[in-house]
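Colleague:
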């Protein structure tokens, strides 16, 4: 197997986040001589971990300019590490930070990049990447001859590395990592990161680590059997279910679009919640769809959800049949009301 | 202060998301069955980028919007009949493949070449817009490589909002993990922004805008140069549809309480 560089940016405390640990597992499974490249304000804990995992070289770019998740500095750091490592294969977790910066780095290195890789395996001595095309509608396996070949690995596809991982073959004892610091002159940047906007903790409806994805469809905003719409009750029920089940909230495009058009529908529902089509394809162990009647939430949005159930008034809904494990033909208002009582 | 902008939106066409797609093998590699027959739309995130560009241009007098689009000329023409009614822009067309199986490196080269050739383009006022991912290749890498080729190193991805200030600087909201936004301030163009959904609704069709746009769209399509996005080093080992069809249990006669109990038990299973 060819030489591999794993690129990771460190957290504020110098450790590696879960996506980076997953990418480390992928790199080790692929085989080949492993170099780990670290970018961030502090790198020592991550470097120790990389040494314990069996990395032959550990390269790092540190310094205040490289603490900000910003294209110009991240690209400069990654480019410098990649040139110093000279590896044929460059792996990285598909974090927002690397997804922003590494395609430009691939261009600078004269290499190629594939993103959203969901699988990685050796095939005739070279890596073969699994990735999906046309919004998760078809899966391809591809290889490339161009080098360096950068591959961004989607989160949730590999087990995060830990010292208990079987393929851990320490090159050095943990805590004695030899870090080669790569000198990089921070590029003149016109961009300053000024902050993060996030909902208050108790208003956050997107929880990537939640076991359950609760998907709400536009049916919540439609007329109910009494001939009236019950949006306020729908809000309370949905938020109650999210709280009770500690679930993450997904929305169908039609429901999210209603919110975006200024209609007072579900105020907590934004495009960030949308699954399928122009939304996300999140990875949760379980998915429960309610009042959804379209293809997108069930096919694209659920592609990587393992166990799926749906509450739907239409027993013949073609999109939930064959896609869900169980379809309950029932009124979602009544079911979620009971659900919240039991979870409460 | 003059804060007028030159906004180039890069966006191709994709099969209508409601179409059933099936991969086939063609002499040039993988393709879609009946690809030329499938109804197409402007790529959804690129369409958002176009609407945001038009909105921004309206707010910054003296600004102009171009749409640079690579696709089979006949399909581009079909799609432009609809897109041209949405917002004012000048089309720069490239006659090439819009397949998701083409390579972003080569696509970026073709797009950057077309942008460089726009007469009178002032790069110091340039904002390069596009969707942060396409609904075909879905790579999220074309904008960055196009921008690099144009020498643009201020880049943002997953953008939901841009707000231009009086001094010409602008604030950008980018999506990051966990349903959050990163806020950045860039002091001046040029910059590249890969758009997510943004906050603007889709504009209504405006026949007057359509008629004005079509005066430049048709000549642009006639001028469209052939472009290639092939990469000889890229080999597809396989392309297949997911085969998993679940045995769905349909429960028609359970009371809400029974259903809720079953769902709670399921949620609590490890």
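Chains as they are written, first to last, in the numbering used here: chain A, 32 to 375; chain B, 2 to 271.
The beta carbon of each residue, even a glycine, is placed where N, CA and C say it ideally should be.
Every value quoted in this text rests on a predicted model; they were computed, and no experiment measured them.
List, in chain order, every chain A residue whose beta-carbon is nearer than 7 Å to that of residue 138 of chain B.
Modeller: Here the neighbours are 164.
Colleague: Over what stretch of residues does the beta strand (DSSP E) that includes residue 183 of chain B continue unbroken?
Modeller: From DSSP, the beta strand (DSSP E) with residue 183 of chain B extends over 181 to 187.
Colleague: Whole-angstrom Cβ separation of residue 426 of chain A and residue 315 of chain A, contact assumed at under 8 Å?
Modeller: A question about residue 426 of chain A goes unanswered here, because the residues of chain A that appear run from 32 up to 375.
Colleague: Would you mind reading off the limits of the alpha helix (DSSP H) that contains residue 54 of chain A?
Modeller: Looking at the DSSP string, the run of the alpha helix (DSSP H) that includes residue 54 of chain A is 49 to 61.
Colleague: For residue 43 of chain A, count the other beta carbons within 10 Å of its own beta carbon; 16 or more makes it buried, fewer makes it exposed. Which is it?
Modeller: Its Cβ having fewer than 16 others within 10 Å, residue 43 of chain A is exposed.
Colleague: Can you name the start and end residues of the beta strand (DSSP E) that residue 359 of chain A belongs to?
Modeller: Residue 359 of chain A -> beta strand (DSSP E) spans 357 to 360.
Colleague: Look at the alpha carbon of residue 56 of chain B and the alpha carbon of residue 161 of chain B, and state the distance between them as a whole number of angstroms.
Modeller: Their backbone Cα atoms lie some 13 Å apart in a straight line.
Colleague: In the segment 77 to 137 of chain B, which residue ranges form an unbroken alpha helix (DSSP H) of at least 4 residues, counting only runs that do not cross its ends?
Modeller: Within the segment 77 to 137 of chain B, the complete alpha helix (DSSP H) runs of at least 4 residues are 105 to 117.
Colleague: Does the segment 175 to 192 of chain B come within contact of the segment 41 to 60 of chain B, defined as at least 3 CB pairs closer than 8 Å?
Modeller: No: fewer than three Cβ pairs fall under 8 Å.
Colleague: When you compare the CB of residue 40 of chain A with every CB in chain B, is at least one pair closer than 8 Å?
Modeller: So no, residue 40 of chain A is outside the interface.
Colleague: Give a yes or no on whether the C-beta atoms belonging to residue 366 of chain A and residue 346 of chain A are separated by under 8 Å.
Modeller: For residue 366 of chain A and residue 346 of chain A, no; Cβs fall outside 8 Å.
Colleague: Run the CB neighbour count on residue 13 of chain B, radius 10 Å, all protein chains shown included, and call it buried at 16 or more, exposed below.
Modeller: That one is buried.
Colleague: Determine, using beta carbons only, whether residue 183 of chain A and residue 123 of chain A come nearer to each other than 8 Å.
Modeller: Yes, these two residues count as a Cβ contact at 8 Å.
Colleague: Would a check of beta-carbon distances place residue 130 of chain B closer than 8 Å to chain A?
Modeller: By this cut-off, residue 130 of chain B is not an interface position.
Colleague: Counting only beta-carbon atoms, is residue 351 of chain A nearer than 8 Å to chain B?
Modeller: True, the Cβ-Cβ gap to chain B drops below 8 Å.
Colleague: Using 8 Å for Cβ pairs, my map puts residue 297 of chain A next to residue 277 of chain A. What's the rounded Cβ distance?
Modeller: Going by Cβ atoms, the distance from residue 297 of chain A to residue 277 of chain A rounds to 19 Å, so no, they are not a contact pair.
Colleague: Check for me: the alpha helix (DSSP H) holding residue 216 of chain B runs from which residue to which?
Modeller: Segment 208 to 224, the alpha helix (DSSP H) holding residue 216 of chain B.
Colleague: Tell me the rounded alpha-carbon separation between residue 206 of chain B and residue 65 of chain B.
Modeller: Taking the straight line joining both Cα atoms gives about 20 Å.
Colleague: Determine, using beta carbons only, whether residue 272 of chain B and residue 62 of chain B come nearer to each other than 8 Å.
Modeller: Residue 272 of chain B lies beyond the range of chain B shown here (2 to 271); nothing can be said about it.
Colleague: Shortest alpha-carbon distance to residue 319 of chain A belongs to which of A:299, A:302, A:241?
Modeller: Considering only alpha carbons, the answer is A:241.
Colleague: According to DSSP, what are the bridge partners of residue 172 of chain B?
Modeller: Bridge partners of residue 172 of chain B: B:164, B:186.
Colleague: Verify the contact flag: residue 145 of chain B, CB atom, against every heavy atom of the ligand ATP, threshold strictly below 7 Å.
Modeller: Inclusion of the ligand ATP in the displayed structure is not the case, the ligand content being empty and no account of it being possible.
Colleague: Would the segment 136 to 151 of chain B count as touching the segment 131 to 144 of chain A if we require 3 or more Cβ pairs under 8 Å?
Modeller: Enough Cβ pairs lie closer than 8 Å, so yes.
Colleague: Taking Cβ to Cβ, would you say residue 111 of chain A is nearer than 8 Å to residue 246 of chain A?
Modeller: Cβ atoms of residue 111 of chain A and residue 246 of chain A: not closer than 8 Å.
Colleague: Name, going along the chain, the residues of the segment 97 to 110 of chain B whose beta-carbon falls closer than 8 Å to a beta-carbon of chain A.
Modeller: So the list reads 101, 102, 104, 105, 106, 109, given in the order they occur along the chain.
Colleague: Expressed to the nearest angstrom, what Euclidean distance is found between the alpha-carbon atoms of residue 202 of chain A and residue 96 of chain A?
Modeller: Unreliable placement is indicated for residue 202 of chain A, whose pLDDT of 49 sits below 50; the coordinate value is still reported in the next sentence. The alpha-carbon atoms of residue 202 of chain A and residue 96 of chain A are separated by roughly 31 Å.
Colleague: Should residue 135 of chain B go down as buried or exposed, given a rule of 16 or more other Cβ atoms within 10 Å for buried?
Modeller: Buried, since its Cβ has 16 or more Cβ neighbours within 10 Å.
Colleague: Alpha carbon to alpha carbon, how far is residue 9 of chain B from residue 322 of chain A? Give it in angstroms, no decimals.
Modeller: In a straight line, the C-alpha of residue 322 of chain A is about 40 Å away from that of residue 9 of chain B.
Colleague: If you draw a straight line from the C-alpha of residue 247 of chain B to the C-alpha of residue 232 of chain A, how long is it?
Modeller: Their backbone Cα atoms lie some 36 Å apart in a straight line.
Colleague: Would you list, in chain order, the members of the segment 168 to 187 of chain A that have their beta-carbon closer than 7 Å to a beta-carbon of chain B?
Modeller: The residues in question are 168, 169, 170, 171, 172, 173, 174, 175, 176, 177.
Colleague: Could you tell me which residues DSSP pairs with residue 35 of chain A in its beta bridges?
Modeller: According to DSSP, residue 35 of chain A bridges with A:65, A:120.
Colleague: Would you report the Cα separation of residue 227 of chain B and residue 82 of chain A, rounded to the nearest angstrom?
Modeller: Approximately 51 Å between the Cα atoms of the pair.
Colleague: Given that a residue counts as buried once 16 or more other Cβ atoms are within 10 Å of its Cβ, and exposed if not, what is residue 227 of chain A?
Modeller: Classification for residue 227 of chain A: exposed.
Colleague: Specify the secondary structure class of residue 70 of chain B as computed by DSSP and reduced to three states.
Modeller: Strand at residue 70 of chain B.
Colleague: Using a Cβ-Cβ cut-off of less than 9 Å, list which residues of the segment 228 to 242 of chain B approach chain A; keep chain order.
Modeller: Within the segment 228 to 242 of chain B, the residues whose Cβ lies closer than 9 Å to some Cβ of chain A are 232, 233, 234, 235, 236, 237, 238, 239, 240, 241, 242, listed in chain order.
Colleague: Does DSSP classify residue 376 of chain A as helix, strand or coil?
Modeller: Outside the modelled stretch of chain A, which goes from 32 to 375, sits residue 376 of chain A, for which no answer is possible.
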